[in-house]
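In terms of numbering that gives the first Met the number 0, the sequence shown opens at residue 0 and continues consecutively. Think of the CB as a built atom: it goes at the ideal place given N, C-alpha and C, for glycine as much as any other residue. All values reported here derive from a predicted model rather than from experimental measurement.
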Amino acid sequence: MDIKDYRQKKGYTQEEVARLLDITLRYYQNIERGKQKPNVIIGLNLALILKVNPFKLWKIKDAK
Numbered sequence: 000m001d002i003k004d005y006r007q008k009k010g011y012t013q014e015e016v017a018r019l020l021d022i023t024l025r026y027y028q029n030i031e032r033g034k035q036k037p038n039v040i041i042g043l044n045l046a047l048i049l050k051v052n053p054f055k056l057w058k059i060k061d062a063k
């Protein structure tokens, strides 16, 4: 799943998520499309809003 899938699963619009993150809609759209990477704080807050493990959301492999 990608960010858009998680967002839609939670029933949020792009506008709602951008507002919750206190960022512009354009910036959020670029994050969702993979055109821009958020800073760590925004990335973690997005995971919290969508209730997804940040490693899963950002497709980071566990270091074991």
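Applying the 10 Å Cβ sphere with the 16-neighbour rule, what's the burial state of residue i?
{"i": "valine 39", "result": "exposed"}
{"i": "isoleucine 2", "result": "buried"}
{"i": "isoleucine 59", "result": "exposed"}
How far does the alpha helix (DSSP H) with residue i in it reach, from first residue to last?
{"i": "aspartate 4", "result": "2 to 9"}
{"i": "valine 51", "result": "Premise fails: valine 51 is in no alpha helix (DSSP H) and is neither H nor E."}
Can you look up residue i in the DSSP assignment and give me helix, strand or coil?
{"i": "glycine 42", "result": "helix"}
{"i": "isoleucine 59", "result": "coil"}
{"i": "glutamine 28", "result": "helix"}
{"i": "glutamine 13", "result": "helix"}
Can you tell me whether residue i sits near the ligand FAD, meaning its C-beta is under 7 Å from at least one heavy atom of the ligand?
{"i": "lysine 8", "result": "Absence of the ligand FAD is noted for the structure shown, with no ligands found whatsoever."}
Whose CA, out of the options, lies closest to the CA of residue i?
{"i": "arginine 18", "options": "Tyr5, Lys34, Leu45, Lys8", "result": "Leu45"}
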